[in-house]
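Working notes, structure below.
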Amino acid sequence: MKNKFQNLCILGLAAAVFAGCSANAASEKVTTEDVFKIGVVQYVEHQSLDDIYKGIVDELKANGYEDGINIEIDYQNGQGDQSNLKTISSKFVNDNSDLIIAIATPAAQAVASETSEIPIIGASITDMVSAGLVENPENPGGNITGISDMAPVEEQIDILLQLVPDAKSIGISYCTNEVNSEVQVNKAIEYLKSKGIEPVITTVTNSNDVLQAISSLAGKVDGLYIPVDNTMASAMPTISSVCVENKLPIVTGAAVMVEQGAVATSSFDYYDSGKQAGKMAIRILEGENPANMPVEFTEETKIYVNKTFADSIGIEVPENLIKSAYEVY
Ligand code: TRP
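So the sequence shown is residues 181 to 509, counted in this note's numbering.
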């Protein structure tokens, strides 16, 4: 890795010197062997993950790593399917990728099981430990490190309880294939119970089950909490329409989900989280070893409110929440 980087610097200089004479001669100097191969696997298609990918690419570019010039990005989407993820991961390994970036937990788990040598950056992984990706976030020790986006679950539940202060029960729905969601849901259950509120849980195994899972909660609960769950995020139109139909107040884990149709949340900017992952990727390209790179956390949360959506379910958003919002849709 280091040699390749040094080579690239030398070639970069050479290219700059030759640029005046002949652009062709200079570009011929950068052979495919000197181009870093980066495999990027995204678990599924939804806006937050797309934003992360954009953040990664922009950060690489801002630091002089541009696809098709000195890096080659192979970007693949698993479409939420385990066997796709496995195929993509083994392709990255067979291609001798220099670095793999995995966006979302199931994607990171899939690549981790294919290689213990190629450096892996997990981008926006809720909890690297419960996902089995690292044992000690401070000291990863292997080929995997990354960015954790553990959501402020209790703060999000507090927002929901501001909307429904007399709630006796709160519905929670998530996908059982996503360890990331399990961690958040456990926190949510514990917090609700500590407030004497009954959590009512429904689960799905894929996006086809979402309509049924949400509909079965409607009418039974006073509010709905959806964590940072990829399957749910990719089915927001379905979730939102059930909530509108049943006038069910909903708080979600991520801002984009609020924009698409939920009342409010406190959440991260996922484009920024992607840029943070891009910075880690650059450190690896420049010779650092993921074993010695502590897992980083996405820290800054902002309040997002969708007033139009709140109106459509006939709920009044407290003035203080609107005042503290970074964005009101
Ligand atoms: N943290 C999620 C995971 O570990 C991925 C994710 C990031 C996500 N942003 C999101 C999921 C927004 C749903 C909505 O898999």
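Glycine included, each C-beta is placed from N, C-alpha and C at the ideal position.
query, result
"Alpha carbon to alpha carbon, how far is residue 372 from residue 165? Give it in angstroms, no decimals.", "The structure shown does not extend to residue 165, since the chain spans only 181 to 509, so no value can be given for it."
"Could you check which residue in 426, 410, 446 and 318 has the C-alpha nearest to that of residue 225?", "410"
"Looking only at its chain, what residues have a beta carbon closer than 7 Å to the beta carbon of residue 357, apart from the 5 residues adjacent to it on each side?", "286 and 385"
"Could you pull out every residue in the same chain whose Cβ sits closer than 8 Å to the Cβ of residue 497, ignoring the five residues on either side in sequence?", "343, 443, 444, 485, 487 and 490"
"Looking only at its chain, what residues have a beta carbon closer than 8 Å to the beta carbon of residue 378, apart from the 5 residues adjacent to it on each side?", "348, 349, 350 and 372"
"What distance in whole Å lies between the Cβ atoms of residue 506 and residue 234, which are believed to be in contact at a cut-off of 8 Å?", "Not a contact, Cβ separation roughly 19 Å."
"In chain order, which alpha helix (DSSP H) runs of at least 4 residues are fully inside the region 462-492?", "487-492"
"Closer than 6 Å by C-beta to residue 264: which residues in its own chain qualify, once you throw out the five before and the five after it? Chain order, please.", "258"
"Going by Cα to Cα distance, which pick from 492, 359, 483 and 262 is closest to residue 500?", "483"
"Just to confirm, does residue 255 get its C-beta within under 6 Å of one of the non-hydrogen atoms of ligand 1?", "no"
"Verify whether the separation of the beta carbon atoms of residue 323 and residue 296 is less than 7 Å.", "yes"
"Could you check whether the Cβ of residue 371 sits closer than 6 Å to any heavy atom belonging to ligand 1?", "no"
"I need the boundaries of the alpha helix (DSSP H) containing residue 285, first residue and last residue.", "285-292"
"By Cβ distance, which residues of its chain are closer than 6 Å to residue 231, with the 5 residues on each side in sequence left out?", "450 and 451"
"Look up residue 419 in the DSSP assignment and give the residues it is bridged to.", "Paired residue(s): none; residue 419 is not in a bridge."
"Could you pull the DSSP bridge partners for residue 306 from this structure?", "DSSP output for residue 306 lists no bridge partner at all."
"Within its chain, find whatever has a CB closer than 6 Å to the CB of residue 219; leave out the 5 residues flanking it on each side and keep chain order.", "254, 272, 277 and 280"
"Alpha carbon to alpha carbon, how far is residue 270 from residue 460? Give it in angstroms, no decimals.", "23 Å"
"Taking 6 Å as the cut-off, is the beta-carbon of residue 442 closer than that to any non-hydrogen atom of ligand 1?", "no"
"Alpha carbon to alpha carbon, how far is residue 288 from residue 492? Give it in angstroms, no decimals.", "38 Å"
"For residue 345, count neighbouring Cβ atoms within 10 angstroms of its own Cβ and tell me buried if that reaches 16, exposed if not.", "exposed"
"Can you check DSSP and say which residues form a bridge with residue 216?", "251"
"Taking only the alpha-carbon atoms, compute the straight-line gap between residue 457 and residue 266 and give it to the nearest angstrom.", "22 Å"
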